[in-house]
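**Student:** Take this structure first; my questions come after.
There are 2 protein chains.
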Amino acid sequence: MQSPLIQELIEAFRVLPGVGPKSAQRMAFYLLEQNKNGGSVLAKTLAKAVEEIGHCSLCRTLTEEETCSICQSSRRATGELCIVESPSDVSVIEQSGIFQGQYFVLMGHLSPIDGIGPKQIGLDTLEKRLNDDSVHELIIATNPTVEGEATAHYIQQIALKHQVKVSRLAQGIPMGGELEYLDSGTLSQAFLARKAM
Amino acid sequence: MQSPLIQELIEAFRVLPGVGPKSAQRMAFYLLEQNKNGGSVLAKTLAKAVEEIGHCSLCRTLTEEETCSICQSSRRATGELCIVESPSDVSVIEQSGIFQGQYFVLMGHLSPIDGIGPKQIGLDTLEKRLNDDSVHELIIATNPTVEGEATAHYIQQIALKHQVKVSRLAQGIPMGGELEYLDSGTLSQAFLARKAM
Chain P
1 MQSPLIQELI
11 EAFRVLPGVG
21 PKSAQRMAFY
31 LLEQNKNGGS
41 VLAKTLAKAV
51 EEIGHCSLCR
61 TLTEEETCSI
71 CQSSRRATGE
81 LCIVESPSDV
91 SVIEQSGIFQ
101 GQYFVLMGHL
111 SPIDGIGPKQ
121 IGLDTLEKRL
131 NDDSVHELII
141 ATNPTVEGEA
151 TAHYIQQIAL
161 KHQVKVSRLA
171 QGIPMGGELE
181 YLDSGTLSQA
191 FLARKAM
Chain A
1 MQSPLIQELI
11 EAFRVLPGVG
21 PKSAQRMAFY
31 LLEQNKNGGS
41 VLAKTLAKAV
51 EEIGHCSLCR
61 TLTEEETCSI
71 CQSSRRATGE
81 LCIVESPSDV
91 SVIEQSGIFQ
101 GQYFVLMGHL
111 SPIDGIGPKQ
121 IGLDTLEKRL
131 NDDSVHELII
141 ATNPTVEGEA
151 TAHYIQQIAL
161 KHQVKVSRLA
171 QGIPMGGELE
181 YLDSGTLSQA
191 FLARKAM
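Those sequence lines, one after another, are chains P and A. Residue numbers for the first sequence follow our numbering, so the first one is 1 and each next one is one higher. Residue numbers for the second sequence follow our numbering, so the first one is 1 and each next one is one higher.
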């Protein structure tokens with residue numbers, strides 16, 4: 001017995017990740033009852049973002065301009081290219097401040113079963129960029145999942161073909177982690193990659 | 001180093017209840033990367049809802065029409081009026097199917113400290129409705145919180161003045177609940193309101 005438009009709005013909220021029927025209803029009622037202004041700003045910003053945001057022509061990350069601010073910046077080292085799966089990975093690496101080079105965003109990982117091959121994750125664009133030979137090191141930062149590892153391996157082959165140095169982020173015990181709660185895969189990696197001190 | 005428009009979108013998502021910076025970023029990236037269509041539908045529906053949805057002229061609930069579907073329905077008993085705090089309370093009572101009368105939605109509760117008095121929760125409209133004398137019972141279903149109880153008490157006084165029968169939803173042990181985990185307030189209410197069997 002909801003009004004059809006409210007029902008439609010609740011359904012529309014359910015596309016968001018982690019939002020079930022109860023949260024969707026709560027969001028809809030909250031905006032309509034208490035924050036119409038916030039709802040209206042959200043609607044406008046979302047419409048504009050969906051309309052205007054596309055991919056950076058150099059690194060494939062999300063941006064509303066032709067090339068993103070990192071690719072445009074003259075303060076970033078062009079020799080190091082960090083390869084990540086998604087724009088949120090870029091933002092977490094930027095927060096750490098450890099990396100001063102440029103990025104290449106795959107927007108996914110190899111997954112032949114879903115029809116996602118090298119071309120879908122932009123590896124042809126990456127190869128073109130390696131041909132320019134301004135890049136001297138690829139730092140592969142795909143996720144340590146089965147698909148992420150397979151993607152890393154594939155990119156390693158490309159790098160070898162173009163005689164570019166290639167590295168992978170270290171695996172081991174996370175800072176502040178406790179051995180007791182660590183999975184055995186991570187622990188094995190930490191043993192194998194142990195460092196002399 | 002996010003693009004400004006993406007940053008704006010993440011900020012806009014933070015108005016939603018229960019959405020912090022991480023979830024907001026996840027929502028923004030999810031829609032832009034994987035579901036632009038869903039994002040566009042959400043933006044349109046939200047803009048339309050914020051624009052068109054107002055309050056039912058009879059019961060004050062949210063609706064895009066002059067009066068809501070429940071107030072319009074000829075199948076609902078007009079003699080019983082259930083008083084709730086919000087439209088989500090209407091929807092949960094409707095789901096139970098136990099009530100066949102009409103509603104009156106306060107859109108809040110009395111809270112003098114926030115400047116919310118009888119007029120802000122529509123009690124003047126409610127009094128007008130009681131003057132018509134088609135209503136013979138008020139069922140008060142405000143939340144069993146301090147403000148909800150105070151509101152219930154205030155409405156009870158209005159009902160007495162208009163010589164209308166007034167009742168309050170029963171309090172006690174919820175179905176499927178376990179005594180072990182029950183708060184002592186609920187347990188006391190259940191003892192006081194025990195029924196002969």
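Ideal placement from N, C-alpha and C gives every residue a C-beta, glycine not left out.
Per DSSP, T45(P) forms a beta bridge with which residues?
**Tutor:** Looking at the DSSP assignment, T45(P) forms no beta bridge with any residue, so it has no partner.
**Student:** Counting C-beta neighbours from all protein chains within 10 Å, is the total for H109(A) 16 or more, i.e. buried, or is it exposed?
**Tutor:** By the 10 Å Cβ count, H109(A) comes out buried.
**Student:** So I83(P) and I140(P) are supposed to be a Cβ contact under 8 Å. How far apart are they, rounded?
**Tutor:** About 5 Å separates the two Cβ atoms, so the contact holds.
**Student:** Determine, for T151(P), whether the minimum Cβ-Cβ distance to residues of chain A falls below 8 Å.
**Tutor:** Judged by the 8 Å Cβ criterion, T151(P) is not in contact with chain A.
**Student:** Give a yes or no on contact between the region 166 to 184 of chain P and the region 135 to 154 of chain P, applying the rule of three or more CB pairs nearer than 8 Å.
**Tutor:** Taking 8 Å as the limit for Cβ pairs, the verdict is that the region 135 to 154 of chain P does touch the region 166 to 184 of chain P.
**Student:** Which residues of the region 29 to 50 of chain A have a Cβ closer than 8 Å to any Cβ of chain P? Give them in chain order.
**Tutor:** Answer in chain order: F29, Y30, L31, L32, E33, N35, K36, G38, G39, S40, V41, L42, A43, K44, T45, L46, A47, K48, A49 and V50.
**Student:** For V15(P), which of helix, strand or coil comes out of DSSP?
**Tutor:** Three-state result, V15(P): coil.
**Student:** Since L130(P) contacts V164(P) with CB under 8 Å, what's their CB separation in whole angstroms?
**Tutor:** Between V164(P) and L130(P) the Cβ distance is about 6 Å, and since that is below 8 Å, they are a contact.
**Student:** Give me the Cβ distance between L123(A) and I158(A), rounded to the nearest whole Å; I'm assuming they're in contact under 8 Å.
**Tutor:** Correct: roughly 7 Å between the Cβ atoms.
**Student:** Would you check if the distance between the CB atom of L62(A) and the CB atom of L9(P) is smaller than 8 Å?
**Tutor:** Taking 8 Å as the Cβ cut-off, L62(A) and L9(P) do not qualify as a contacting pair.
**Student:** Between the region 95 to 103 of chain A and the region 34 to 54 of chain A, do at least 3 Cβ pairs fall closer than 8 Å?
**Tutor:** The region 95 to 103 of chain A, when compared against the region 34 to 54 of chain A, does not touch it at the 8 Å Cβ threshold.
**Student:** Spatial neighbours of I121(A) within its chain, please: CB distance less than 8 Å, with the 5 preceding and 5 following residues excluded, ordered by chain position.
**Tutor:** For I121(A), where only same-chain residues beyond five positions count, the Cβ hits under 8 Å are L106, M107, G108, H109, L110 and T151.
**Student:** Nearest-angstrom Cα distance between P97(A) and T145(P)?
**Tutor:** It should be noted that the sequence gives Gly, not Pro, for residue 97(A). Their Cα atoms are separated by approximately 48 Å.
**Student:** So the alpha helix (DSSP H) C71(P) belongs to, where does it begin and stop?
**Tutor:** Its alpha helix (DSSP H) spans residues S69 to Q72.
**Student:** For chain A, find out if any of its Cβ atoms is closer than 8 Å to the Cβ of F13(P); answer yes or no.
**Tutor:** So, interface residue.
**Student:** From the DSSP secondary-structure annotation, give me the bridge partner or partners of G54(P).
**Tutor:** Its beta-bridge partners are T63(P).
**Student:** Among L32(P), R60(P), N35(P) and V41(P), which has the Cα closest to the Cα of L32(A)?
**Tutor:** Measuring from the Cα of L32(A), the nearest candidate turns out to be R60(P).
**Student:** In chain A, which residues lie with their C-beta within 8 Å of the C-beta of S57(P)?
**Tutor:** Neighbours of S57(P) on chain A: none; closest Cβ ~14 Å, over 8 Å.
**Student:** Is the CB-CB distance between A28(P) and V41(A) below 8 Å?
**Tutor:** Not a contact, by the Cβ cut-off of 8 Å.
**Student:** Which residues does DSSP list as the beta-bridge partners of S111(A)?
**Tutor:** Answer by DSSP bridge pairing, in chain order: I116(A).
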